Amino acid sequence: MIYLDNAATTFPKPPDVTEALVSFMTHSGANPGRSAHTLSIESATIMFQCRKALSKLIGQKDFLRTFFTMNATMAINTCLYGLLKEGDVVLTTSLEHNALMRPLRMLEKTRGIKLRFIPSDVTCKLDTKTAKALSHGVKLIACVHGNNVTGALMPLDFFATLAKESGAYLLVDASQSAGLVEIDMEKEGIDMLCASAHKGLYAPMGLGFFSLSSRMDALESFMQGGTGSRSEEEIQPELFPDKYESGTPNMPAIAGLLGALKWRESIGYEAMYAHEIRHRTQLKEALKALDSVVVCDVYEAYATTGVLSWYPKNESLSRVAQTLNNQYGILTRVGLHCSPATHKSIGTLPQGGTIRFSPSFFTTDEEIESVIWAIREMGL
Numbered sequence: 001m002i003y004l005d006n007a008a009t010t011f012p013k014p015p016d017v018t019e020a021l022v023s024f025m026t027h028s029g030a031n032p033g034r035s036a037h038t039l040s041i042e043s044a045t046i047m048f049q050c051r052k053a054l055s056k057l058i059g060q061k062d063f064l065r066t067f068f069t070m071n072a073t074m075a076i077n078t079c080l081y082g083l084l085k086e087g088d089v090v091l092t093t094s095l096e097h098n099a100l101m102r103p104l105r106m107l108e109k110t111r112g113i114k115l116r117f118i119p120s121d122v123t124c125k126l127d128t129k130t131a132k133a134l135s136h137g138v139k140l141i142a143c144v145h146g147n148n149v150t151g152a153l154m155p156l157d158f159f160a161t162l163a164k165e166s167g168a169y170l171l172v173d174a175s176q177s178a179g180l181v182e183i184d185m186e187k188e189g190i191d192m193l194c195a196s197a198h199k200g201l202y203a204p205m206g207l208g209f210f211s212l213s214s215r216m217d218a219l220e221s222f223m224q225g226g227t228g229s230r231s232e233e234e235i236q237p238e239l240f241p242d243k244y245e246s247g248t249p250n251m252p253a254i255a256g257l258l259g260a261l262k263w264r265e266s267i268g269y270e271a272m273y274a275h276e277i278r279h280r281t282q283l284k285e286a287l288k289a290l291d292s293v294v295v296c297d298v299y300e301a302y303a304t305t306g307v308l309s310w311y312p313k314n315e316s317l318s319r320v321a322q323t324l325n326n327q328y329g330i331l332t333r334v335g336l337h338c339s340p341a342t343h344k345s346i347g348t349l350p351q352g353g354t355i356r357f358s359p360s361f362f363t364t365d366e367e368i369e370s371v372i373w374a375i376r377e378m379g380l
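Numbering (UniProt numbering), first residue to last: 1 to 380.
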C-alpha cells in the first residue's frame with residue numbers, strides 16, 4: 001500500500017506519537033485542571049508542555065494565547081464568530097477551503113457581514129492590484145496559507161502588509177502548512193493563526209488549535225461551559241486559556257501532539273520540506289511527460305507544499321483513482337477536496353475536480369517510483 005493522501009491526514013504517524021498517546025492512556029488518563037490529585041496534575045503538565053512547545057513552533061511568545069480545539073474548522077469558527085459583527089467587511093481569496101468559506105457565508109446570511117474576494121488565475125496567482133483596491137474599510141483579511149488542491153503557498157508578507165495598511169486583522173488558515181514550513185506569527189503580522197494537528201504536525205486526529213496576537217484580547221468566546229476555573233461564576237471566565245477552552249480536552253491527541261513536536265525537533269523544517277518537495281517534483285515531471293494528463297501548475301513565484309493535483313484528459317477521475325487503489329494499492333484523494341472555490345478558479349470545477357497526490361515525510365523514493373511506473377503502465 002502506498003498512501004498519498006497526507007493532505008487529508010498524515011499516515012503513518014511517527015512512533016513517538018503512538019508511544020506518547022498510549023503512555024497517556026495507560027499511565028495518566030485523567031482530566032487536567034479539574035482535580036488536585038496526582039493524575040490530574042500529570043495531565044495538566046502534558047497539556048502545559050504541549051501548549052508551550054506548539055507556541056514556540058509558531059512564533060507565539062505568550063503560550064497562554066495558544067488554544068486547543070477539536071479541529072481547524074472549530075478554530076476558524078471560533079475566531080470568525082468571536083470577531084465579526086453586523087456590517088463588518090471581510091476580504092478573502094477565491095482559493096479558500098470550506099472550513100473558512102462556509103462560516104463566512106453563514107455569517108453573511110445571519111449577521112449581514114459583507115464579503116469581498118481577491119480573484120486569482122488558473123495558477124493560483126492572486127490579483128494583488130485588485131486586492132489593494134478592495135482592502136479599504138475591511139475589518140478582517142482571512143486567507144489560506146497552503147492551498148489544499150494545488151499546494152500553492154500564499155504570500156503571507158503581502159497579506160500582512162495589506163492588513164497593516166488597511167488597519168484590518170489578519171486570520172491565516174495554516175492547516176496545510178503548519179509543521180511543514182516555518183511560520184512566525186509576530187514577524188508575519190498574523191493576528192489569528194488556525195490549524196489542524198493531524199496533518200503536517202503528525203499528531204492524532206481530533207485536535208486543532210488557534211493562536212492570538214495581543215490585539216485580539218476582546219475576541220468573544222464561541223463556546224461556553226466548564227473550565228475548572230472560577231466555578232462559582234456562571235459567566236465564562238476571561239482568563240487565558242480558559243476563555244476559549246470549555247469542556248474536557250482531547251488529552252490523548254494532545255499527548256500525541258507533544259510526542260510529534262519532540263520528534264520533529266530532531267529533523268527540522270528544512271529536511272521535512274525538502275523531502276516532500278523532492279517527491280512532488282518527481283511526480284510532477286513524470287506526469288508532465290504524458291500528453292494524456294494535465295498537471296495543475298502553480299504560479300512560478302509561489303512556493304508550494306507537497307500537494308500536487310492533476311487529471312486525465314480522456315478518462316474519468318473516479319475510474320483512474322479506483323484503478324490506482326484496487327490494482328496498484330495507491331491511495332489518493334479525488335474530487336473537489338472541500339475547496340470548490342479553488343476548483344472554480346483553476347477551471348476544474350465542471351469536471352468534478354482533480355486527482356490529488358500528497359506525499360509525507362514517510363513517503364519513500366521507492367514508493368514514488370512505483371507510483372510513476374503504475375501511471376505509465378495504466379496507459380493514460
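Yeah, the Cβ is synthetic: ideal placement off N, Cα and C, and Gly gets one too.
In this text, all values refer to a predicted model and were calculated from it rather than measured experimentally.
Pick helix, strand or coil for residue i, following the three-state DSSP scheme.
i	result
Ala195	strand
Lys114	strand
Ala178	strand
Asp242	helix
Ala99	helix
Val149	coil
Val122	coil
Tyr273	helix
Ala142	strand
Gly208	strand
Asp184	coil
Ile346	helix
Asp16	helix
Which residue marks the beginning of the beta strand (DSSP E) containing residue i, and which one marks its end?
i	result
Val90	Val89 to Thr93
Ser370	Premise fails: Ser370 lies in the alpha helix (DSSP H), Asp365 to Met378, not in any beta strand (DSSP E).
Thr66	Thr66 to Thr69
Cys50	Careful: Cys50 lies outside any beta strand (DSSP E), inside the alpha helix (DSSP H) at Thr38 to Leu57.
Ile254	Counting along the chain, Ile254 falls outside any beta strand (DSSP E), though it belongs to the alpha helix (DSSP H) covering Met251 to Glu265.
Leu170	Tyr169 to Asp173
Applying the criterion that 16 or more other CB atoms from any shown protein chain within 10 Å of the CB defines a buried residue, is residue i buried or exposed?
i	result
Pro15	exposed
Lys164	exposed
His279	buried
Gln351	exposed
Leu324	buried
Trp310	buried
Asp157	exposed
Could you tell me if the beta carbon of residue i falls within a distance shorter than 8 Å of some heavy atom in the ligand GTP?
i	result
Ser370	As presented, the structure is devoid of all ligands, the ligand GTP included, so that no description of it is given.
Could you give the first and the last residue of the continuous alpha helix (DSSP H) run that contains residue i?
i	result
Tyr81	Ala72 to Leu83
Phe158	Leu156 to Ser166
Thr354	Where Thr354 is concerned, there is no enclosing alpha helix (DSSP H), although the beta strand (DSSP E) it sits in stretches over Thr354 to Phe357.
Leu134	Thr128 to Leu134
Ser214	Segment: none, Ser214 is in no alpha helix (DSSP H) and carries neither H nor E.
**At least three beta-carbon pairs within less than 8 Å, the segment 290 to 307 to the segment 148 to 155** = Touching, yes, given that three or more Cβ pairs across the two stretches are closer than 8 Å.
**Request:** Any chance you could list the alpha helix (DSSP H) runs of at least 4 consecutive residues sitting entirely within the segment 276 to 341, in chain order?
**Result:** Listed in chain order, the complete alpha helix (DSSP H) runs (minimum 4 residues) inside the segment 276 to 341 are 317 to 328.
**Item:** Segment contact, 8 Å Cβ cut-off, at least three pairs: the segment 245 to 257 with the segment 218 to 226
**Value:** Yes: the two stretches touch, three or more of their Cβ pairs being nearer than 8 Å.
**Asked** Is there contact here, the segment 335 to 352 with the segment 106 to 113, by at least three beta-carbon pairs under 8 Å?
**Response** Judged by Cβ distances under 8 Å, the segment 335 to 352 makes no contact with the segment 106 to 113, as fewer than three pairs qualify.
**Asked** Would you say the segment 136 to 144 touches the segment 287 to 301, given that touching needs at least three Cβ pairs under 8 Å?
**Response** The segment 136 to 144 is not in contact with the segment 287 to 301.
**Asked** Is the number of C-beta pairs between the segment 4 to 14 and the segment 191 to 206 that are closer than 8 Å three or more?
**Response** In this structure the segment 4 to 14 touches the segment 191 to 206; the number of beta carbon pairs closer than 8 Å is three or more.
**Request:** Specify whether the segment 68 to 87 and the segment 329 to 343 touch according to this definition: at least 3 beta carbon pairs, one from each stretch, less than 8 Å apart.
**Result:** Output reads no: the segment 329 to 343 does not touch the segment 68 to 87.
**Message:** With three or more beta-carbon pairs closer than 8 Å as the criterion, would you say the segment 38 to 45 touches the segment 181 to 193?
**Reply:** No: the two stretches stay apart, fewer than three of their Cβ pairs being nearer than 8 Å.
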